[in-house]
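Read top to bottom, the protein sequences are chains A and B. In terms of this note's numbering, the first sequence has 29 at position 29, counting the first letter as 1, and numbering is strictly consecutive. In terms of this note's numbering, the second sequence has 308 at position 88, counting the first letter as 1, and numbering is strictly consecutive. Beta carbons are placed, not taken as given, at the ideal position from N, Cα and C, and that holds for glycine. For reference, the structure discussed in these notes is given below.
Number of protein chains: 2
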Amino acid sequence: MVSAAVILSGCGHFDGSEIREAVLTLWALDEAEVNVEIFAPDMEQKNVINHRTGEIADEVRNVLIESARIARGNITPLSVLDVQKFDALFFPGGFGVAKNFSDIATHGSYCAIDPLVKRIIYETVLAKKPIGAICIAPALIVAALRDYFPITVTIGDDPEGLISKLGGKHQVATTTEIVVDTTHKIVSTSAYMRNDRITNIAIGIKKCVQKVLSFCGSPA
Amino acid sequence: MVSAAVILSGCGHFDGSEIREAVLTLWALDEAEVNVEIFAPDMEQKNVINHRTGEIADEVRNVLIESARIARGNITPLSVLDVQKFDALFFPGGFGVAKNFSDIATHGSYCAIDPLVKRIIYETVLAKKPIGAICIAPALIVAALRDYFPITVTIGDDPEGLISKLGGKHQVATTTEIVVDTTHKIVSTSAYMRNDRITNIAIGIKKCVQKVLSFCGSPA
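Written out as structure tokens, the structure is:
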């Protein structure tokens, strides 16, 4: 049975994982009968955003504890993740990727990546295992690997050229499309980088999951 | 174009809406090209549960603000909801239904229902419009209507006979099945009342949505 690690960054697109992307990823993996384990780092969120107003709230929340809402409690600290035990990794999007896993949200191409997250991405690519990266997560993958490999991804339109500034190559793609870096086995789809219909988000994510799974068990 | 109101009770199954049920409901409605508006009451949650440990957290959260995480900010206070403007209502499950919309979680068949929620359910049934009720939400519908109509629903197995104690009639159903009260146009599916695969949850919810939509525009 194929196994996949899904890595969450909180619960809510303004300060954590994009909830719908996370659920649609879990659904596509379950439908494909993949054995899924959900991980998140045991760290404070960068901030807490009132998702109704968009304002910063005077609260402190923990990425692992909030991610557990999406995981229904069945979640493991990211520090325990051994990439050798999984066939594939998935990163749903949301600002958690750009605020908690990195500071892309504030520093753009001058960003720093959380060392644990960076190591996990690097080890996965070194092990020739595929990664599915959704929404803004492809920028995290490109940034994590910038000193080692040039990665081709989509984050939708990328009008500001973020991916190229990070040392990667960007391909424009619609919400229902994926971009595949066959050399490094990175599959990306832009999801809620556009405010598209959830039906289209689901189509893109399902394609991303299926393409990642097609790499599983293929010759390294 | 058919329109539906989706009513959320927070963000996380232990103290609010069951996230996956809410997302899958939104997805099934969007796929059916239904015009959706999301509502939640502007009230304090009964409590905040750490979804990793199951323990009560020393925090205060608001149902409307937390529901906005699932709604991506596009949410309206429940007090504004005019049932005459919609063709159907949907209640995803989660403990928010049994803690915030009612006290079913603590008082069982002796529960009280939030007056606003009760009025909305009652007015919808009086207007001969259909309601989709997911997971524990069918118990809320039965309780809200107990003085007026006996409703037939499923909450899965109901080993303690909650629905019958509330004055309704229970039918056992699997996760992928629905139960239809044709007289009152109440369609129920048990979803995460069982810890089933998300694929099965999605099948049940999609059936529920499709059956509710089949009532829209039918003769009152």
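Looking only at A/I155, A/S109, A/T154 and A/I134, the smallest Cα-Cα distance to A/D147 is reached by A/S109. Within chain A, the C-beta atoms nearer than 7 Å to that of B/E251 come from T199, in chain order. Boundaries of the beta strand (DSSP E) around B/G352: I351 to I354. Comparing C-alpha distances from B/A353 to each of B/F369, B/T374, B/R339 and B/L346 shows the shortest one belongs to B/T374. Nearest neighbour of B/N282 by Cα position, chosen from B/A291, B/N267 and B/R292, turns out to be B/N267.
For A/T199, no beta strand (DSSP E) encloses it; the enclosing alpha helix (DSSP H) starts and ends at I198 to F215. A direct Cα-Cα distance of roughly 14 Å separates B/A277 from A/L64.
Going by DSSP, B/L346 is part of no beta strand (DSSP E) but of the alpha helix (DSSP H) stretching over P335 to L346. Comparing C-alpha distances from A/A40 to each of A/G96, A/C208, A/D196 and A/D157 shows the shortest one belongs to A/G96. Contacts with chain B at 7 Å (Cβ-Cβ) do not include A/G168. Residue pairing by DSSP places B/F259 opposite B/I227 and B/T296 in a beta bridge.
Taking a Cβ-Cβ cut-off of 9 Å, A/C135 has no neighbours in chain B, whose nearest Cβ is about 12 Å from it. For B/L336, same chain residues with a beta-carbon under 8 Å away, outside a window of 5 residues either side, are P261, L298 and S299 in chain order.
Listed along chain A, the residues sitting closer than 9 Å to B/C231 by beta-carbon distance are C11, G12, I19, H51 and R69.
Annotated three-state conformation of B/F315 is helix, per DSSP. Annotated as proximal: A/I19 and B/I239, with beta-carbon spacing under 7 Å.
For B/L433, the nearest beta carbon of chain A is not closer than 7 Å to its own beta carbon.
The three-state secondary structure of B/E241, taken from DSSP, is helix. Annotation: the continuous beta strand (DSSP E) that includes B/I406 extends over I406 to T409. Chain B has no Cβ within less than 7 Å of the Cβ of A/A40. Chain A has a Cβ within less than 7 Å of the Cβ of B/V243.
Going by DSSP, B/V362 is part of no beta strand (DSSP E) but of the alpha helix (DSSP H) stretching over A357 to A364. Separation of A/R194 and A/T175 (C-alpha to C-alpha, rounded to the nearest whole angstrom) is 7 Å.
For A/I198, same chain residues with a beta-carbon under 7 Å away, outside a window of 5 residues either side, are R20 in chain order. Cβ neighbours of B/H404 within its own chain (closer than 7 Å, five residues either side excluded): V345, F369 and I371. Along the region 289-307 of chain B, the positions whose C-beta sits under 7 Å from a C-beta of chain A are R289, I290, R292, G293 and I295, read in chain order. The beta carbon of A/A68 sits closer than 6 Å to those of I75, all from its chain and outside the five residues before and after it, given in chain order. Counting C-beta atoms within 10 angstroms of its own C-beta, A/G204 has 16 or more neighbours from the protein chains shown and is therefore classed as buried. Listed along chain B are R272, each with a C-beta nearer than 7 Å to that of A/L64.
Any Cβ of chain B closer than 7 Å to the Cβ of A/A105 would place that residue at the interface, and such an atom is absent. For A/D15, the closest C-alpha among the options A/V36, A/T53, A/H170 and A/W27 is that of A/T53. Per DSSP, the unbroken alpha helix (DSSP H) holding A/V63 starts and ends at V63 to A71.
In the DSSP assignment, B/E264 forms a beta bridge with B/N282.
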